[in-house]
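Residue numbers (numbering that gives the first Met the number 0): 0 to 200. What follows is a short report on a single structure.
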Amino acid sequence: MVRATTAATLITALAGLSLAAAALAQDKEVYRYVDPDGRIVYTDRAPPANAKNPQAKRVGGNYIETDTPSVAEEQASSRFPVTLYTFQCGEVCDSAVGLLNRRGVPFATVDVQTNEGGKKLQALTGELNAPVLTVGDKMVAKGFNEARWQTMLDDAGYPKTPARRTAQIGRAPGAAPPPVPPPSTDTRSAVVAPEPTPYPK
0 MVRATTAATL ITALAGLSLA AAALAQDKEV YRYVDPDGRI VYTDRAPPAN
50 AKNPQAKRVG GNYIETDTPS VAEEQASSRF PVTLYTFQCG EVCDSAVGLL
100 NRRGVPFATV DVQTNEGGKK LQALTGELNA PVLTVGDKMV AKGFNEARWQ
150 TMLDDAGYPK TPARRTAQIG RAPGAAPPPV PPPSTDTRSA VVAPEPTPYP
200 K
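Here it is as C-alpha cells:
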C-alpha cells in the first residue's frame, strides 16, 4: 500500500515537473544582431554593446517570429492599395474580410454606416450597397464575389497565400499546404441602412 502511494506521488511529481519545464521552454527569447564583422548572429544571450541592429525574437514551438512582408506583397500594396467598404452586414461582410485575411492582403476599411463612409461609397459606386472592394484606383468590385475578388487581387500581383511569418524548423520539405476551398462565383451584397433620424418635436 505504501509502495503504491509513493509510486503515485512520484509519477504526479514527475508529470508536474515535465509540464513546468515545457512551459518554460515555450517562450524563450532569442536575440538577432549583426556583429562587427557583418555576420548575422542568433543567440539566447543578450547582444554585446558593439552589436548592430539588435532585435529580440520570441521562440516557442520550434519557430522564430518575423514580421517581414514578401517583396511581391510590398510591391502590390504600394502600387495597388486595397480598400474595403463595409459595415456590420453579417455573413457577407465577414466573408469579404475573411478572404482578404486568408490571403494576407493589407487593406484599409471604410465603415459605410458613418456619414463620411456612406458619402465615400455613394461617390464611388452611386449606391449604398456593401461590401465593395477597390484595388488601386481602377479596379472596383460591387458586392462580394469571391472569384472576382481573387482575380482582381491576382491581377494586382498580391500573393495567393500570405507570406510565411514564421520559419518552421523540422517541417518536411515540399509538404503540401492545407487545401483551399474553390472560390464561390455568386455575388452577394447588403444594403446599408440609413442612420436613424430623430422624430420632429
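The beta-carbon is built from N, C-alpha and C at its ideal position, and this holds for glycine as well. Remember, it's a predicted structure, so these values are computed and weren't measured experimentally.
Three-state secondary structure (DSSP) of residue i
i: Val70; result: helix
i: Asn100; result: helix
i: Val111; result: coil
i: Arg38; result: coil
i: Arg78; result: helix
i: Leu127; result: coil
i: Ala55; result: strand
Residue i versus residue j: straight-line alpha-carbon distance, rounded
i: Gly201; j: Gly156; result: This structure gives no information on residue 201, because the portion of the chain shown stretches from 0 to 200.
i: Val33; j: Asn144; result: 47 Å
i: Pro80; j: Thr11; result: 56 Å
i: Leu127; j: Val96; result: 18 Å
i: Asn49; j: Gln149; result: 48 Å
i: Ala45; j: Pro53; result: 9 Å
i: Arg102; j: Glu115; result: 28 Å
i: Ser94; j: Pro47; result: 48 Å
Sequence-distant residues of its chain with Cβ nearer than 6 Å to residue i (five each side left out)
i: Val111; result: Tyr84, Phe86, Gly117, Leu120, Ala129 and Val191
i: Ser76; result: Pro105
i: Arg147; result: Ala140
i: Thr42; result: Tyr30
Own chain, CB closer than 8 Å to residue i, minus 5 neighbours either side, in chain order
i: Thr113; result: none
i: Asp153; result: Lys159
i: Met151; result: Leu132, Val134, Met138 and Ala140
Sequence-distant residues of the same chain with beta carbon closer than 7 Å to residue i, five excluded per side
i: Lys51; result: Tyr32 and Val33
i: Gln74; result: Gly156
i: Ala55; result: Glu28 and Tyr30
*Please go through the segment 129-167 and give each complete alpha helix (DSSP H) segment of 4 or more residues, from N-terminal end onward.*
145-155
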